[in-house]
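**Q** All residue numbers in the sequence shown are consecutive under full-length UniProt numbering, ending with 289.
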Amino acid sequence: MIALERNRTKKKLHDKDRVHLDFTGKKRIAFNKELLTNEKNFLLDPTKVHDFKAARWKGAKERLFMESNNKCAYCEASTKIVSPGDVEHFRPKSKYWWLAYCYDNYLVSCSVCNSVFKGNKFPLLDETKALIPPAVLATMTEAEIDALTDLLNPDAFGVKGLSLADFTTAYHLERPLLLNPYFDNPADYFAWEVEDTLKHVILVPLKPEFKPYVEAAEVNYGLNRKELKELRYFHYDIYNTFFLTLADTSSRISAATQQRIENKIVELKDKSAPFAGMIRYFDFKNRGI
């Protein structure tokens with residue numbers, strides 16, 4: 001997992017990209033009003049449920065893939081090549097219904113991290129700090145609902161609605177045990193250990209106090225599942241071979257070849273490379289950075 005940034009360019013980036021249409025302006029307000037009205041109807045009749053429309057968040061997938069460099073935002077395995085990937089609601093819509101159509105609540109993940117492991121789970125460091133839902137009442141008038149629509153969540157481009165600063169502050173106050181690469185820098189929490197006998201690379205806490213975050217990542221993202229540990233080792237072994245070659249003072253490789261190896265290490269650390277967070281950790285450690 002590596003830190004990610006939102007792409008807030010207003011223009012359409014792909015034929016399927018609908019962020020510029022659905023998560024800003026009048027569409028965002030209409031979607032928010034629908035959510036508030038549905039919640040009011042649920043209070044009037046508990047048999048009713050939110051009718052979330054998946055087509056809306058699927059319109060964000062191409063932009064999310066661009067932001068995550070076609071990798072799963074959780075495990076960093078290359079995803080788009082072999083799988084369509086999922087638009088993941090970081091805060092699950094089953095509980096945080098008002099964020100169902102919030103662009104800043106989305107990231108793209110592989111189906112294993114999302115469907116097999118995370119699902120609707122969302123553990124907090126302190127459950128008493130959970131976000132408080134919007135104050136919807138069964139007696140609310142349409143005008144009262146309209147007054148809430150703009151501030152329910154941020155505009156995708158940060159121009160209206162709940163401010164991005166307030167949304168970020170709310171995230172850190174709630175303090176999920178699951179790291180979100182758009183709000184947290186995983187490098188501040190995660191480290192890696194090599195098991196050469198098993199040919200595994202294991203996710204471990206950078207400091208003892210970060211153990212709960214690693215345990216949450218194991219349980220809810222599956223970041224230490226066998227397949228990932230083996231695949232990470234494959235990429236680590238390539239990096240380590242390059243590094244040891246450069247460090248071997250007895251070798252007589254040319255300056256040009258040395259530079260080629262250095263360039264390859266840079267590529268392995270690039271944000272587009274699988275498991276770049278792991279490679280960066282070992283390279284910083286090996287070079288004493």
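Cβ atoms here follow ideal geometry from the backbone N, Cα and C, with glycine treated the same way.
1) If we count Cβ pairs, one from each stretch, closer than 8 Å, do we get three or more for the segment 192 to 211 versus the segment 147 to 156?
2) Name the one or two DSSP bridge partners that V87 has.
3) What three-state label does DSSP hand V49 in the structure shown?
4) Kindly indicate the opening and closing residues of the alpha helix (DSSP H) around F243.
5) Taking just the CA atoms, how far does N41 sit from A143?
6) I'd like the span of the beta strand (DSSP E) that includes V204, first residue to last.
7) How many Å lie between P208 and F157 at the Cα?
8) Please classify P176 as buried or exposed, where buried requires at least 16 neighbouring CB atoms within 10 angstroms.
9) Drop a sphere of 10 angstroms on the beta-carbon of V266, count the other beta-carbons inside from all chains shown, and report buried for 16 or more, exposed for fewer.
10) Do E174 and Y131 have their beta-carbon atoms positioned less than 7 Å apart in this structure?
11) Would you kindly work out how many angstroms separate the C-alpha atoms of I81 and G119, rounded to a whole number?
12) To the nearest angstrom, how far is the alpha carbon of S83 from that of C72?
13) Please state whether the Cβ-Cβ distance between L43 and W98 is less than 7 Å.
14) Are the Cβ atoms of E67 and D17 separated by less than 7 Å?
15) Could you pull the start and end residues of the alpha helix (DSSP H) that W57 belongs to?
16) Under DSSP, the alpha helix (DSSP H) around E34 begins and ends at which residues?
17) Could you check where the alpha helix (DSSP H) with V19 kicks off and where it finishes?
18) Measuring only the C-alpha atoms, how far is A30 from A217?
19) Cβ of residue 290 within 7 Å of Cβ of K27?
20) Once the 5 residues before and after R280 are set aside, which same chain residues still bring their CB inside 6 Å of it?
21) How many angstroms separate the CA atom of H172 from the CA atom of Q258?
**A** In terms of the structure at hand:
1) no
2) V108
3) coil
4) 226 to 247
5) 16 Å
6) 200 to 205
7) 38 Å
8) buried
9) exposed
10) Checking the displayed sequence, the identity of residue 131 turns out to be Leu instead of Tyr. The answer is yes: Cβ separation under 7 Å.
11) 23 Å
12) 10 Å
13) no
14) no
15) 54 to 58
16) 25 to 44
17) 19 to 22
18) 35 Å
19) In the structure as shown, the chain begins at 1 and stops at 289. Residue 290 is therefore absent and cannot be evaluated.
20) K269
21) 44 Å
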